[in-house]
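**Student:**
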Amino acid sequence: MTERQERQLGGPKRRRPSYLVQQDEVKKLKTQLQMLQKRLTRLQARPRSARAKILDVERANNSLRDIIHGQQLEVAGARSMLAGMQERQTGSPLCRHIHLPREWWERRQVLLGLKSDMITRGCQYVVARSQHLDLMKPQLMDHRYEDAQGNFCCERFEFFHFTGVQSIRQVFDAIKYFMLNMEITISEALGHTTVREDYDTVDDGTSIWNYRLLSTDSHGITSEVNKVVLTEYFDESEQMGGRPCAVVVTDSVDVDDLYPYNPRERVRRDISATTVLTEMRRKKQKRSMSTESEQGGDQDTSSGGGVTSRGEAGADGDDSDEELVVVMQRAAFMKMHKPEFEISRSAMRSLKEGIASWGEVEVQSIRGAVNA
């Protein structure tokens, strides 16, 4: 009896082989896949909405923001590591151990022997610190901390710009004038009673000298400073690419057999600094009358026109369209030694807050001199 006859007689149905069922399912799935692919193609061909594009941009910005934030955290960690290294190290590259003997002729021989090396090293340090910076933009880096011995330290690196001057020598002479009369200027500017106890000029050109200052603040605390000042003007400086520059190096005397420190009555202040003056030229800036009359702070030197060093301007350039800018780069390390006598908290706080005040007074004095 055939299968058809069995179905006609109402006999049991035979099950369909499983491979045939699977073949049918595969055909259905392929058909569905083809339909989905066609639909996807149609959707991709359609222009995306503005909102979808904005969402994509926001997601990309968020990803970039996360990446940048991670990089900034790494930079912050590196800065913290460098700051920790600075706080653990003794002194600064600006410091040089200076021991002045008792006899005057020996003291002068020591100072004469220091000049060349200290001028060179100080200039090298400033050039290294500024090599990746724009000299025509204001800069101020200030790091203050307490070292392992309890001394309060301050490291500063800063740029100042002087316009309306004739040459580097004008600013250079103003710096030397301040150094020679700083006790008067500090007393007038800060209200401190500052006196110069001793002064020794080694040469007639006032390029090497040593002096001691005593300064009493409003709390009645007396600070003492024993400084060496070295100056040099270069018509053509090798480190500045053959351009003119002036260098002023100051450092503190570590041991003075003739005038020893008195830590039981005075707070010892060490000041080690190097100032480098260079000339730049730029297109003249338009200034309002109020700007021309103030001249009290750093002017905006970052806008307008190209900037060249003096001597690099084009031979066909019109000097009347340019102005001279003297750039003053100053690196300083200041240390206020831990007092060996009782001092109030307010007096100590005042000393710490004013650790860089003498340098600020110096810049004000220079501006007043060159703008007079």
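Here the sequence shown stands for residues 2 to 373, numbered as in my numbering. All residues carry an ideal CB built from backbone N, CA and C; glycine is no exception. Owing to the predicted nature of the structure, the values given are computational and were not obtained by experimental measurement.
Can you tell me whether Gly85 is buried or exposed, with buried defined as 16 or more other CB within 10 angstroms of its CB?
**Tutor:** So Gly85 counts as exposed.
**Student:** Within a Cβ cutoff of 6 Å, which residues of the same chain sit near Leu136, ignoring the five residues on either side of it in sequence?
**Tutor:** Same-chain partners within the cutoff: Val328.
**Student:** With a threshold of 16 other CB atoms inside 10 Å of the CB of Gly123, please say whether the residue is buried or exposed.
**Tutor:** It is buried - the Cβ of Gly123 has at least 16 other Cβ atoms within 10 Å.
**Student:** Cβ of Leu231 less than 8 Å from any chain D Cβ?
**Tutor:** The structure shown contains no chain D; it is built from a single protein chain.
**Student:** Measure the beta-carbon distance from Val127 to Thr275 and round it to whole angstroms, keeping in mind my assumption that it falls under 8 Å.
**Tutor:** Their Cβ separation, rounded to whole angstroms, is 5 Å, which keeps Val127 and Thr275 in contact under 8 Å.
**Student:** Classify Ile55 as buried or exposed, calling it buried when 16 or more other Cβ atoms lie within 10 Å of its own Cβ.
**Tutor:** By the 10 Å Cβ count, Ile55 comes out exposed.
**Student:** Considering Cα atoms alone, identify which of Asn227, Trp359, Gln140 is closest to Asp258.
**Tutor:** It is Asn227.
**Student:** Select from Ile99, Arg350, Arg282 the residue whose C-alpha is nearest the C-alpha of Arg244.
**Tutor:** Nearest option by C-alpha distance: Arg282.
**Student:** Using the DSSP secondary-structure output, state which residues sit across from Tyr200 in a beta bridge.
**Tutor:** Tyr200 is bridged to Tyr212.
**Student:** Quick one: which unbroken alpha helix (DSSP H) runs of 4-plus residues sit fully inside the segment 19-61? Chain order, please.
**Tutor:** Taking only runs of at least 4 residues, the alpha helix (DSSP H) segments lying wholly in the segment 19-61 are 19-46.
**Student:** How is Gln90 classed by DSSP in three states: helix, strand or coil?
**Tutor:** Note: Gln90 maps to coil in three-state DSSP.
**Student:** Hey, Val362 and Ile187 are a contact pair by Cβ (cut 8 Å); roughly how many whole angstroms apart?
**Tutor:** Yes, they are in contact, since the Cβ atoms of Val362 and Ile187 sit about 6 Å apart, within 8 Å.
**Student:** Apart from the five residues on each side of it in sequence, which residues of its chain come closer than 7 Å, Cβ to Cβ, to Leu112?
**Tutor:** Closer than 7 Å at the Cβ level, and outside the excluded window around Leu112, lie Val203, Ile209, Asn211, Val229.
**Student:** From which residue to which residue does the beta strand (DSSP E) around Leu231 run?
**Tutor:** Unbroken beta strand (DSSP E) run through Leu231: 223-238.
**Student:** So, using beta-carbon positions, are Phe342 and Glu266 closer together than 8 Å?
**Tutor:** Taking 8 Å as the Cβ cut-off, Phe342 and Glu266 qualify as a contacting pair.
**Student:** Could you please give the first and the last residue of the uninterrupted alpha helix (DSSP H) stretch that includes Gly248?
**Tutor:** According to the sequence as given, residue 248 is Val; it is not Gly. Per DSSP, Val248 belongs to no alpha helix (DSSP H); it is in the beta strand (DSSP E), 244-253.
**Student:** Got a sec, what are the start and stop residues for the alpha helix (DSSP H) Asp174 sits in?
**Tutor:** Per DSSP, Asp174 belongs to the alpha helix (DSSP H) from 169-181.
**Student:** Under 8 Å between the Cβ atoms of Cys155 and Met335?
**Tutor:** Yes, they are a contact pair.
**Student:** Checking 8 Å against the spacing of the C-beta atoms, do Ser273 and Ser93 come in under that value?
**Tutor:** Cβ atoms of Ser273 and Ser93: closer than 8 Å.
**Student:** Report the rounded CA-to-CA distance for Thr32 versus Pro48, giving the unit in angstroms.
**Tutor:** Going from the Cα of Thr32 to the Cα of Pro48 covers about 27 Å.
**Student:** Just to confirm the assignment, what range does the beta strand (DSSP E) spanning Cys154 have?
**Tutor:** That run of the beta strand (DSSP E) goes 153-164.
**Student:** Rounded to a whole number of angstroms, what is the C-alpha to C-alpha distance between Gly369 and Val76?
**Tutor:** The straight-line gap from Cα to Cα measures roughly 39 Å.
**Student:** Bridge partners for Ser273 per DSSP, in chain order?
**Tutor:** Ser273 is bridged to Phe334.
**Student:** Mark Met180 as exposed unless 16 or more other C-beta atoms lie within 10 angstroms of its C-beta, in which case mark it buried.
**Tutor:** So Met180 counts as buried.
**Student:** If the criterion is Cβ atoms closer than 8 Å, does the pair Leu191 and Ser351 meet it?
**Tutor:** No, these two residues do not count as a Cβ contact at 8 Å.
**Student:** Could you name the residues of the same chain whose beta carbon sits closer than 7 Å to that of Ser224, not counting the 5 residues immediately before and after it, in chain order?
**Tutor:** Hits under 7 Å: Ser216, Arg267, Val268, Arg270.
**Student:** Between which residues of its own chain and Lys353 is the CB-CB distance below 8 Å, once the five residues before and five after are set aside?
**Tutor:** Excluding sequence neighbours, Lys353 sits near Arg145, Phe153, Met337.
**Student:** Three-state secondary structure (DSSP) at Glu280?
**Tutor:** Strand, per DSSP.
**Student:** Can you give me the start and stop residues for the beta strand (DSSP E) that Glu147 sits inside?
**Tutor:** From DSSP, the beta strand (DSSP E) with Glu147 extends over 141-147.
**Student:** Going by DSSP, what residue range makes up the alpha helix (DSSP H) through Asp322?
**Tutor:** No alpha helix (DSSP H) holds Asp322; DSSP gives it neither H nor E.
**Student:** Looking at the unbroken alpha helix (DSSP H) that takes in Cys124, where does it start and where does it end?
**Tutor:** 105-131 is the span of the alpha helix (DSSP H), which, as asked, contains Cys124.
**Student:** Going by DSSP in three states, Leu381 sits in which element: helix, strand or coil?
**Tutor:** Residue 381 is absent from the structure shown; the chain starts at 2 and stops at 373.
**Student:** Within its chain, find whatever has a CB closer than 8 Å to the CB of Gln87; leave out the 5 residues flanking it on each side and keep chain order.
**Tutor:** Result list for Gln87: His144, Tyr146, Glu156, in chain order.
**Student:** Please go through the same chain and pick out, in chain order, the residues whose beta-carbon is closer than 7 Å to the beta-carbon of Phe173, but skip the five residues on each side of it.
**Tutor:** Cβ within range, chain order: Tyr234, Ala247, Leu278.
**Student:** How big is the Cα-Cα spacing for Asp317 and Glu159?
**Tutor:** Annotation note: pLDDT 48 at Asp317 (below 50); position unreliable, no value reported.
**Student:** Is the beta carbon of Ile367 closer than 8 Å to that of Ala175?
**Tutor:** Taking 8 Å as the Cβ cut-off, Ala175 and Ile367 qualify as a contacting pair.
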